[in-house]
Amino acid sequence: MRLMSEQPIAILVFSEDRDTMLELLAKSREKADETHSESSVAVLGEITEDEARELGSCGADRAYLMESQDLAVFNVEIYCNVLSQLISEVKPEVILVGGTRRGRELAPRLAERLGIGCVSECVDFEIEGKERVVKMQRIVYGGLALTTYTFNRKPALATISPSLFQKKTVKGREVKIVKVQAKLGTSKLSVAELRPKERSSRKLEAARVVVDAGRGVKKREDLKLLEELAEVLGGQVACSRPLAADKGWFSDWIGISGKKIRSDLCVTIGVSGSIQHKGGIRDSKAILAIDSNPDAPIFSMADYGVVGDLYEVVPALIQALKKRL
Amino acid sequence: MRTVVCVKYSLDVGEIRTDPSTRKPILEGVPRKINDADKNALEEAARLKQKHGGSVRIVSYGPLESGAVFNQAVAIGADEAYVVEDSLAGQLDTAATAFVLAAAIRKLGEYDLVLCGEATIDGFSSQVGPRLAERLGIPQICYARKLSVEDGYVVGERDLEDGYETVRAPMPVLVSVTMELNIPRMPTLLEVLRAKKQVHVWKLEDIGLSRERIQEISSIAPTGLQGTVMARKEKIIKDKPATDAVEMIVEKMIQDKVITPRAR
Numbered sequence: 004m005r006l007m008s009e010q011p012i013a014i015l016v017f018s019e020d021r022d023t024m025l026e027l028l029a030k031s032r033e034k035a036d037e038t039h040s041e042s043s044v045a046v047l048g049e050i051t052e053d054e055a056r057e058l059g060s061c062g063a064d065r066a067y068l069m070e071s072q073d074l075a076v077f078n079v080e081i082y083c084n085v086l087s088q089l090i091s092e093v094k095p096e097v098i099l100v101g102g103t104r105r106g107r108e109l110a111p112r113l114a115e116r117l118g119i120g121c122v123s124e125c126v127d128f129e130i131e132g133k134e135r136v137v138k139m140q141r142i143v144y145g146g147l148a149l150t151t152y153t154f155n156r157k158p159a160l161a162t163i164s165p166s167l168f169q170k171k172t173v174k175g176r177e178v179k180i181v182k183v184q185a186k187l188g189t190s191k192l193s194v195a196e197l198r199p200k201e202r203s204s205r206k207l208e209a210a211r212v213v214v215d216a217g218r219g220v221k222k223r224e225d226l227k228l229l230e231e232l233a234e235v236l237g238g239q240v241a242c243s244r245p246l247a248a249d250k251g252w253f254s255d256w257i258g259i260s261g262k263k264i265r266s267d268l269c270v271t272i273g274v275s276g277s278i279q280h281k282g283g284i285r286d287s288k289a290i291l292a293i294d295s296n297p298d299a300p301i302f303s304m305a306d307y308g309v310v311g312d313l314y315e316v317v318p319a320l321i322q323a324l325k326k327r328l
Numbered sequence: 553m554r555t556v557v558c559v560k561y562s563l564d565v566g567e568i569r570t571d572p573s574t575r576k577p578i579l580e581g582v583p584r585k586i587n588d589a590d591k592n593a594l595e596e597a598a599r600l601k602q603k604h605g606g607s608v609r610i611v612s613y614g615p616l617e618s619g620a621v622f623n624q625a626v627a628i629g630a631d632e633a634y635v636v637e638d639s640l641a642g643q644l645d646t647a648a649t650a651f652v653l654a655a656a657i658r659k660l661g662e663y664d665l666v667l668c669g670e671a672t673i674d675g676f677s678s679q680v681g682p683r684l685a686e687r688l689g690i691p692q693i694c695y696a697r698k699l700s701v702e703d704g705y706v707v708g709e710r711d712l713e714d715g716y717e718t719v720r721a722p723m724p725v726l727v728s729v730t731m732e733l734n735i736p737r738m739p740t741l742l743e744v745l746r747a748k749k750q751v752h753v754w755k756l757e758d759i760g761l762s763r764e765r766i767q768e769i770s771s772i773a774p775t776g777l778q779g780t781v782m783a784r785k786e787k788i789i790k791d792k793p794a795t796d797a798v799e800m801i802v803e804k805m806i807q808d809k810v811i812t813p814r815a816r
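Chains A and B, in that order, give the protein sequences.
In the working numbering, each residue's number is its place in the first sequence (first place is 1) plus 3.
In the working numbering, each residue's number is its place in the second sequence (first place is 1) plus 552.
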């Protein structure tokens, strides 16, 4: 591989999830422009010509394509093998990996292979001064603080949560396609089965109003009540981790280990408010909490709260809202 | 089955308070506890041992004097704990932690399975598991919500955004587990007291490392901390009938322009 370009490659983006890849390219474009350098992307597996062109309009100067059929299924070891070879050749300063669960297990393995640092769920970064020192920010302690990390060597690696940034398209911007051969290597890991989850077509991260169900909601049928509330408010229903991961009522959950919402209003129902869950709703502009336990930690981060039985409070709330909205 | 479980004595983030004047978290004197998901890893190790025989050993990289609490972890289902005590523990990045854990695991000798929690409650980076697997040169199965061992293979079901993925890997393998995997047992006080003798404390030198070496491995350092807690209104209504309470709240939310009433 001889892949060095004339301008320094500041940023290399990778995500196995196409939407996330395009979101990260928007951020990569912005930072590349700021630092007079190139934004690039690594694509594993086969893509169409239209898809390749879209990489350019979404912010890539250069796209490294590795078009092997063996890359169609995500295997963390094979992906790590291929990406580490590419990175050693391209020598980017910053690598952004989409923070899906697959991305979050790939990035640290890749960082370890390359002997570099990694910031999980980075929210912003800078390439500073003549020395081009990389600094990255991350939310810590369940949302209590923002920490800045300084890298003492490069490349600097980060994972970035899906939907944190928005895809930006500039029509007609071109991308230079570079086809790359890399050794796939072997993996002892084999994927036997993927049982798909039903996924909501609506993006929770973009919802203006979220009705957030917690363990206080006893039966699956009771979600109808929450759906009704969401309808009155023009929002959508989501849940805390136990209702999704334990009970399987939803395909995903809100929290540090799941989705982070940024709604105008979040109505928590029967949510006690573990630090992990609070980390997922802290960016909501307003929070209304309904729970029977007056000491539930959720009330300490609520703007509005009603202490009471959700099976009495929610129907009353629906009625009150219907009268006024 | 020779299982090694990685356990962290984490900051109990739920107990962190913020300084109202600076809005920064107060990190002095925060209590610690055995990391939540690591208890699930310990429980699973105990169940696997019951089924397949073998041993369960804990390794940890923790602050000075932290070894003393590891009898609690041993009592959940391990034979022994090896705690590398060092004042730098928790101060460096995940590369340093994985480096120390790998050295400790190698010192223990051969193993079939390395278990860890999917994330720690304080750092929440989910990095140490994959980094450790890479350093040990073994496959990784992350976010396992189900786990079984058959004919030298570990089969795990992973909870991913788009589905449940079943993967297989021959041992030795590293598995990171979710809290849905099992319900960790609560050992009795007697079991906890008895486990005291099973805790061994190591220094970095005991596993062939030095502070200089692990500082070299570490490549990022925190250089700034900013409080981010939003001031909330905390208008909480209690001891009122539901209909009165919601009327008050709806009125307040309209006043604050959180919701917009229909024009009359």
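By construction, the Cβ of each residue, glycine as well, lies at the ideal position given by its N, Cα and C atoms.
- DSSP, read as helix, strand or coil, puts Asp590(B) in helix.
- Counted as a single uninterrupted DSSP element, the alpha helix (DSSP H) harbouring Glu108(A) occupies residues 104-117.
- Identification of chain A residues near Phe622(B) by a Cβ-Cβ cut-off of 7 Å yields none; the smallest Cβ-Cβ distance measures about 24 Å.
- Below 8 Å, too few C-beta pairs join the stretch 735-752 of chain B and the stretch 107-125 of chain A to call them touching: fewer than three.
- Note on the stretch 629-702 of chain B: whole alpha helix (DSSP H) runs with a minimum of 4 residues are 646-660, 680-688, in chain order.
- Scanning Ser71(A), Glu37(A), Val76(A), Arg32(A) for the CA closest to the CA of Cys61(A) turns up Arg32(A).
- Look at the beta carbons and you see the stretch 306-317 of chain A touching the stretch 780-795 of chain B: at least three pairs across the two are nearer than 8 Å.
- C-alpha of Ser123(A) to C-alpha of Cys694(B): approximately 15 Å in a straight line.
- When 9 Å is used as the limit between beta carbons, Ile142(A) is near these residues of chain B: Thr780, in chain order.
- Of the candidates Glu662(B), Gly704(B), Ala815(B), the residue whose Cα lies closest to the Cα of Arg720(B) is Gly704(B).
- At least 7 Å separates the beta-carbon of Val608(B) from that of Thr646(B).
- Cβ proximity to chain B below 8 Å picks out Leu236 from the stretch 226-242 of chain A.
- The Cβ-Cβ distance between Leu653(B) and Leu616(B) does not fall below 7 Å.
- Runs of beta strand (DSSP E) with 3 or more residues, each lying fully within the stretch 140-191 of chain A, are found at 148-154, 159-163, 179-182, listed in chain order.
- Sixteen is the threshold: since fewer than 16 other Cβ atoms of the shown chains lie within 10 Å of the Cβ of Asp36(A), the residue is exposed.
- Within the stretch 225-268 of chain A, the complete beta strand (DSSP E) runs of at least 3 residues fall at 239-242.
- At a cut-off of 7 Å between beta carbons, Pro583(B) makes no contact with chain A.
- Under the three-state reduction of DSSP output, Leu777(B) falls in the strand class.
- Separation of Asp631(B) and Met723(B) (C-alpha to C-alpha, rounded to the nearest whole angstrom) is 21 Å.
- Listed by position along chain A, the residues whose Cβ is nearer than 9 Å to that of Pro691(B) are Val79, Glu80, Ser190, Lys191, Leu192.
- Using a Cβ-Cβ cut-off of 7 Å, Thr718(B) counts as an interface residue toward chain A, since at least one Cβ of chain A sits closer than that to its own.
- In this structure, Gly669(B) places its C-beta atom within 7 Å of the C-beta atom of Asn587(B).
- According to DSSP, Ser562(B) shares a beta bridge with Lys585(B).
- DSSP places Thr38(A) in the coil class of the three-state scheme, outside both helix and strand.
- The stretch 65-83 of chain A makes contact with the stretch 189-197 of chain A: 3 or more CB pairs, one atom from each, lie closer than 8 Å.
- For Glu26(A), the closest alpha carbon among the candidates Val44(A), Ser243(A), Val214(A), Val136(A) is that of Val44(A).
- Residue environment: Gly276(A) is assigned as buried (16 or more neighbouring CB atoms within 10 Å of its CB, all protein chains considered).
- Across the set Leu665(B), Ala671(B), Glu713(B), the C-alpha of Leu665(B) shows the shortest separation from the C-alpha of Lys601(B).
- Ranked by Cα distance from Gly776(B), the options Ile769(B), Glu567(B), Pro577(B), Thr555(B) are led by Pro577(B).
- Within the stretch 62-95 of chain A, the alpha helix (DSSP H) runs of at least 4 residues that lie entirely inside it are, in chain order, 79-93.
- His604(B) counts as exposed, since fewer than 16 other C-beta atoms from the protein chains shown sit within 10 angstroms of its C-beta.
- At least 7 Å separates the CB of Asn296(A) from every CB of chain B.
- C-alpha of Phe253(A) to C-alpha of Ile14(A): approximately 36 Å in a straight line.
- Collapsing the DSSP output to three states places Arg218(A) in coil.
- Glu732(B) is positioned such that its CB atom lies closer than 7 Å to that of Asp249(A).
- Look at Asp53(A) here: in three-state DSSP terms it is helix.
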